[in-house]
Every structure is written in structure tokens, then in C-alpha cells.
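In the working numbering, the protein residues as written are 2 to 484. Beta carbons are placed, not taken as given, at the ideal position from N, Cα and C, and that holds for glycine. What follows is a short report on a single structure.
Structural data, given as C-alpha cells:
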């Protein structure tokens with residue numbers, strides 16, 4: 002049976018989340034590259050609802066600004082006073098009016114809830130012709146959750162919150178997830194009749210089920226296949242648990258699609274990461290944002306990539322890369338840092354202890370080790386010797402250095418930008434180059450060496466260096482006398 006699109010999805014996200022003990026609103030805490038509320042909104046979008054509504058309250062300006070950036074399709078409704086879930090839904094319907102069709106109500110702190118589970122709830126709701134269908138789960142420990150109370154034949158009678166439950170009800174393991182599919186017009190009428198005669202003096206949405214049942218309407222339930230999906234996040238421990246579960250889901254999906262993950266326990270990926278077949282992820286790898294790793298590339302061990310493109314067959318070892326583009330068959334690391342704007346062409350290399358920023362490195366060009374390359378264009382086939390520094394900042398402006406094709410920059414060269422090294426040109430090791438070097442020339446910018454004999458004996462008398470020099474001199478004199 003096809004599942005009709007819900008007329009609206011209402012996401013309840015107004016609570017303070019005091020158990021998080023954080024200045025950040027609970028629903029804005031992140032896992033796997035999205036906030037809690039964004040995970041829920043993504044799952045809801047999969048149903049293609051007619052309207053997407055988020056109830057906000059605590060830190061509402063901050064939450065609304067976030068929603069405007071990430072979810073412009075969602076309408077925010079303010080619950081200025083948090084007086085219960087029923088109150089939140091009533092506020093929404095007073096703001097937007099009664100909604101005909103199916104209205105799905107869910108929470109902003111359930112990041113593991115899948116679109117498929119929500120669709121199954123809607124299908125049951127539609128198939129059974131219920132006025133309301135609640136998503137439930139059987140959990141090992143239902144502490145803190147509302148309990149589903151059924152009669153002898155299994156019909157849902159009511160939902161009792163833990164604070165209002167008697168001992169027998171607290172022993173029930175079927176819990177209320179807080180997710181409901183309602184007939185929208187019946188909901189609009191019933192939510193006005195919710196009382197506050199409970200331990201907290203709040204308007205509970207759960208009471209709507211009793212009201213609809215007393216009115217003679219069908220009340221049903223759909224049990225989620227995996228209780229973990231419906232567990233909310235209320236503190237940092239639950240946040241970490243949800244992160245592990247979601248990360249495991251993501252890695253499993255990638256592995257089934259042809260990716261090798263050597264150690265899933267130490268590998269982390271965000272939801273928007275793209276991995277092509279035959280990618281290999283070594284232990285300690287973290288892939289964040291919209292990182293893309295193309296076919297046959299290897300990343301890790303101990304590498305962190307954020308919003309980075311890794312080309313086919315490239316190898317990235319022990320590296321940190323942020324907003325970089327690594328070409329096919331390129332090599333990065335070990336212990337390299339590629340900062341925003343770095344672009345490595347095919348078979349280029351950024352080697353050991355190399356840092357790059359806003360640098361374009363041509364095909365086959367190499368920066369093998371111990372160098373800083375900032376604001377530069379390096380031509381194909383060029384080689385940058387060890388301990389070279391592209392001196393790009395003059396204290397006011399960042400300046401560009403250009404190194405031509407198949408040029409050779411000697412070890413320990415300082416390239417003081419702006420400067421150009423021509424095609425096929427060389428620089429002598431230890432030079433400070435602040436003027437252009439023409440194609441095919443060699444730039445030499447270092448003082449002539451001179452040795453001052455006897456300096457150590459005069460200036461460091463009695464030191465170990467002086468004693469070693471004296472011994473060497475005596476040995477040399479003895480050898481000279483024998484010859």
C-alpha cells in the first residue's frame with residue numbers, strides 16, 4: 002500500500018535541555034555533521050510533507066537563525082512558555098489553523114529516527130483508519146518514558162507519564178516515543194480539551210489519545226523494529242551513544258557499497274561524506290563535512306579531512322586537510338597540513354611535515370618535506386627542496402610566489418613574495434630569493450663562506466668543543482710528523 006504524504010510534520014524542539022549542562026541549546030548539539038534537529042528534519046523531509054513546522058522556545062533567536070540557514074523550508078512557531086507537549090501543539094494550531102489530513106508530531110532530539118520508520122507509522126495509521134497512531138518501542142529500561150497501557154486484547158487505552166504512573170504501569174516495557182500520526186482536524190479539536198491535572202501541571206499531548214478514544218475514535222500503535230531509533234538525547238552520554246550508533250550505520254552502508262574500513266571502531270564519517278568503491282579507510286580516519294573520496298584512494302591512518310576532495314588513487318597519510326583538493330594519484334603526508342585553497346594536481350606530492358595554504362601544485366610537482374608553501378602557484382614537474390619557505394606575508398598583505406614548470410628550488414630557500422621562479426630555473430640551497438629568477442637561470446643569494454681559524458680556542462676556551470678541537474689538532478700534527 003502506498004503511503005500518502007502527511008499534510009504536516011510538527012517537530013517539537015522548544016525545551017531547554019538542562020541535562021546537557023551546556024550554553025548551546027540541546028537541539029543544536031551536533032553528531033556526524035548535523036545538529037540533532039537537522040537529523041530529525043532530514044528524516045521528516047523524506048516523507049515529502051505538505052508543511053514542515055518546528056516549535057522553538059529556549060534560545061529561540063539562536064535556534065531560529067540556525068533554521069533559517071539550514072532549513073529555510075521549515076516554519077518556526079514560538080512556544081514562549083514551555084508548558085507541555087500538548088500546549089506546544091495547541092500553540093502551532095492556533096498560529097497556523099487546523100490542518101486537514103495526517104499530521105505527524107515528533108521531537109527534535111531523536112537523531113536516529115529513520116524516514117522508513119516514520120513511513121511505516123503512516124502506513125499503519127492509514128491502513129487501520131486510526132484517529133491517532135502512536136509510535137512505540139519495547140525497551141530494556143523504560144525509565145523516564147511514558148508507558149503504553151493496553152487492555153487484555155491489546156487495544157491502546159492511554160499513555161501514562163512516568164511521574165503519574167503507578168508501580169504496575171512503571172513495570173510496562175512498551176514506551177511512548179513521542180511520535181504520533183494524527184487526523185489533523187480531530188487533533189485540532191481534541192488538543193483544546195487537554196487538562197493540566199497532572200503532577201507537572203502541564204498539557205500533555207498523550208491525553209489527546211484518551212480524549213479521542215472517549216469520543217469513539219480508533220487509537221492505534223505501531224511498534225518500531227529497533228527501539229534505539231526512538232531513544233531521545235537528553236545528556237552528553239546519550240549524545241555519545243547516538244553518535245556511535247549513527248556512525249556505525251554510515252560505515253556499514255559504505256562498506257556494503259564497496260568501501261574497505263580497516264577498523265570501524267576508530268573511523269568516523271559525517272552524513273554528507275561521499276565514498277566511492279574501493280576506497281580504503283585506515284584506523285584513526287575522520288571525514289567531516291562534504292568530503293569526497295574517489296575510487297581507489299586511501300586515507301589514513303590518523304587523518305582528518307574536512308570538506309576535502311580526494312582524487313582517484315590518491316594516498317593521504319597522517320594528514321589534516323581542510324577545504325583542499327587532492328588530485329588523482331597524488332600523495333599527501335605523512336604529517337602534512339593542507340589548509341583551505343590548496344589544490345594538488347595529478348601525481349603531485351605534499352610530503353612529510355609540509356604545510357600548504359592557498360597553493361596550486363602542478364602535475365607531478367613535489368614538495369617532499371619540511372616546507373611551508375603559502376599563496377603560491379607551482380608548475381608541473383617542479384621540485385621544492387627541504388626546509389623551503391614561501392615567505393608570503395609582509396605584515397600587511399599576502400603576496401604570490403610563482404614557480405615555473407620543472408624548476409628546482411634548493412634546500413633551505415626563502416622565496417620572498419612577490420617573486421617568480423622561471424620555467425626550468427634553479428635556486429641555490431640556503432638562498433634568500435627576493436628577485437625574479439629568469440627561466441633556465443640559477444638564483445644564488447647567500448654570503449661567501451669564510452673560516453676563522455682558532456676562533457673556538459679564543460672564544461670558548463675550556464669548553465668541550467675547544468678540547469675536541471685541540472685533540473684533533475694534536476692528532477693532525479702527529480700524523481704530519483710521521484709522514
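Is it buried or exposed for residue 466, if we count other Cβ within 10 angstroms and need 16 for buried?
-> exposed
Nearest candidate by alpha-carbon position, reference residue 23, set 422, 9, 60, 214 = 60
Start-to-end residues for the alpha helix (DSSP H) that takes in residue 179 = Looking at the DSSP string, residue 179 is not in any alpha helix (DSSP H); the run it does join, the beta strand (DSSP E), is 175-184.
Sequence ranges, alpha helix (DSSP H) only - wholly within the segment 147-178, length at least 4 | 168-171
Please report the residue range of the alpha helix (DSSP H) in which residue 44 lies.
-> 37-46
So, are the CB atoms of residue 177 and residue 212 less than 8 angstroms apart?
-> no
I think residue 99 touches residue 186, with their Cβ atoms under 8 angstroms apart; what is that distance to the nearest whole Å?
-> 6 angstroms
So does the segment 139-153 actually touch the segment 286-297, counting three or more Cβ pairs closer than 8 angstroms?
-> no
So which of 208, 430, 442 has the shortest CA-CA distance to residue 407?
-> 442
Can you say whether residue 471 is buried or exposed, counting buried as having 16 or more other CB atoms within 10 angstroms of its CB?
-> exposed
Can you list, in chain order, the stretches of the beta strand (DSSP E) that have 3 or more residues and sit fully within the segment 331-419?
-> 337-339, 350-362, 367-379, 390-392, 402-404, 415-417
Per-residue DSSP class, three states only, for residue 258 | coil
Proximity to residue 440 [Cα-Cα], best of 242, 113, 410 = 410
With a CB to CB cut of under 6 angstroms and the five nearest residues on each side skipped, what residues in its chain are close to residue 280?
-> 260, 294, 298
Taking the alpha carbon of residue 57 as the point to measure from, which residue in 134, 339, 108 has its own alpha carbon closest?
-> Considering only alpha carbons, the answer is 108.
Any contact of the segment 162-171 with the segment 244-259, i.e. 3+ C-beta pairs under 8 angstroms?
-> Counting Cβ pairs under 8 angstroms, fewer than three are found: no touch.
Going by CA-CA distance only, name the one from 52, 8, 26, 71 that's closest to residue 34.
-> 71
Apart from the five residues on each side of it in sequence, which residues of its chain come closer than 8 angstroms, Cβ to Cβ, to residue 52?
-> 8, 9, 10, 76, 97, 100
Sufficient close CB pairs (3 or more, under 8 angstroms) joining the segment 79-91 to the segment 195-209 = They touch, by the three-pair rule.
Can you tell me whether DSSP reads residue 67 as helix, strand or coil?
-> helix
According to DSSP, is residue 321 helix, strand or coil?
-> strand
Taking DSSP as the reference, what is the three-state secondary structure of residue 188?
-> The answer is helix: DSSP assigns residue 188 an H, G or I state.
Considering only C-alpha positions, which residue in the set 93, 68, 393, 194 is nearest to residue 79?
-> 93
Give a yes or no on whether the C-beta atoms belonging to residue 221 and residue 118 are separated by under 8 angstroms.
-> no
What three-state label does DSSP hand residue 266 in the structure shown?
-> helix
Please name the residue in 372, 377, 405 whose C-alpha comes closest to that of residue 389.
-> 372
Under a Cβ-count criterion, where at least 16 other Cβ atoms within 10 Å of its own Cβ denotes burial, should residue 20 be classed as buried or exposed?
-> exposed
Out of 448, 310, 161, 319, point me to the one whose CA is closest to residue 283's CA.
-> 319
Near residue 485, which residues of its chain fall below 6 angstroms by C-beta distance, leaving aside the five closest residues on each side in sequence?
-> Nothing about residue 485 can be read from this structure; the chain reaches only from 2 to 484.
First through last residue of the beta strand (DSSP E) which encompasses residue 233 | No beta strand (DSSP E) contains residue 233, which DSSP labels as neither H nor E.
Residue 14 lies in the beta strand (DSSP E); which residues open and close that run?
-> Counting along the chain, the beta strand (DSSP E) containing residue 14 begins and ends at 9-14.
Taking buried to mean at least 16 other C-beta atoms within 10 Å of its own C-beta, is residue 232 buried or exposed?
-> buried
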